[in-house]
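With UniProt numbering applied, the sequence shown corresponds to residues 1 to 205, in that order. One structure is given below, encoded as structure tokens.
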Amino acid sequence: MPTQKFLNLSSCKQKMILEAMRDAFLSGPYIEITVSGLIRRAGISRASFYTYFDGKNDMFSCMLRTMEREVEEMLLDSFRSQKGVFNDSMERLFRLLTENDVGRMYSQVGRHILEDEGCRPAFVQVEQEYYRAGKWKSRGRACFEVLDRALYPRLDEDGLACVLDMGMSILYKAVLLYFDQCSGLLKLEKAVEKQLGILEQGIRA
């Protein structure tokens, strides 16, 4: 985890530092990333680096968590703008991810994680922490607060958390395929609509 000193930095400064890790990660094998290279990219001293992070794995994990939060903020905003309708909210999020830099960066990082075994242990640790710490349930709780309860009278907070987990898996795969140019947007939109529609029918039943 990053130190409080890093968290006390301005959001702009945090972003600049984490972009150094992202750029280094996308430039070559994870095993070849060094602290020296990271501080050079970030424009900070070695002393400052170690007051922010334990090492490159810690910085990489922080980058992944930040990306995770950005997507979850977009998810919650979609639920609010779509009046708490699950299907509409998820489809809006998919459109946003295919149209902005967050989705593009998520796709590039996701693809590199699949291809680079060196980063796998750090990635798995972040994923395990997400579920072990109950963050996926916190995501469900936040969306449940704005959910249209009249449409989903039998759906509780834990149920929504599980459905969101499945829905996000659908979107992540589709976004990866889109930016890899493996499929056209219209075809992916139809596939996403169909898969999300199955979830929608299930939670309305």
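Even for Gly, the Cβ is constructed at its ideal location relative to N, Cα and C.
Asked: Whole-angstrom distance between E200 and N87, CA atom to CA atom; Found: 6 angstroms
Asked: Cβ-based neighbour list, M74, same chain, cut-off 8 angstroms, excluding 5 preceding and 5 following; Found: L93, L96, L97 and V102
Asked: 6 angstroms Cβ shell around A42 - same chain, five flanking residues per side excluded; Found: I17 and A20
Asked: Alpha-carbon spacing of G84 relative to V146, whole angstroms; Found: 5 angstroms
Asked: Alpha-carbon spacing of G159 relative to W136, whole angstroms; Found: 11 angstroms
Asked: Rounded straight-line distance, which links the Cα of A47 to that of M90; Found: 43 angstroms
Asked: Residues of its chain near R120, where Cβ-Cβ distance is below 8 angstroms and the 5 sequence neighbours each way are ignored; Found: I113
Asked: Beta-carbon contacts of V163 that lie in its chain and below 6 angstroms, excluding the five residues immediately before and after; Found: L199 and I203
Asked: Beta-carbon proximity check, P2 vs F79, cutoff 8 angstroms; Found: no
Asked: Beta carbon of residue 290 nearer than 8 angstroms to that of E193; Found: Residue numbering for the chain in the displayed model covers 1 to 205; residue 290 lies beyond these limits and cannot be assessed.
Asked: Segments of 4+ residues assigned as alpha helix (DSSP H) that fall wholly inside the region 114 to 138; Found: 120 to 132
Asked: Assigned exposure category for Y178 - 16 Cβ within 10 Å defines buried; Found: buried
Asked: Beta carbon of K56 nearer than 8 angstroms to that of L76; Found: no
Asked: CA nearest to the CA of T51, picked from R22, L9, Y131 and T34; Found: L9
Asked: Presumed contact (8 angstroms Cβ cut-off) between M105 and M59, rounded CB distance; Found: Rounded, the Cβ-Cβ distance is 16 angstroms, inconsistent with contact.
Asked: Where the alpha helix (DSSP H) through C62 begins and ends; Found: K56 to S81
Asked: Through-space distance from S36 to L196, alpha-carbon basis; Found: 45 angstroms
Asked: Backbone secondary structure at N100 - three-state DSSP; Found: coil
Asked: Rounded separation between residue 211 and A122 - CA only; Found: Absent from the model: residue 211. The displayed extent of the chain is 1 to 205, so no value can be given.
Asked: Cut-off 6 angstroms between Cβ atoms - residues of its own chain near G110, not counting five sequence neighbours on either side; Found: L176
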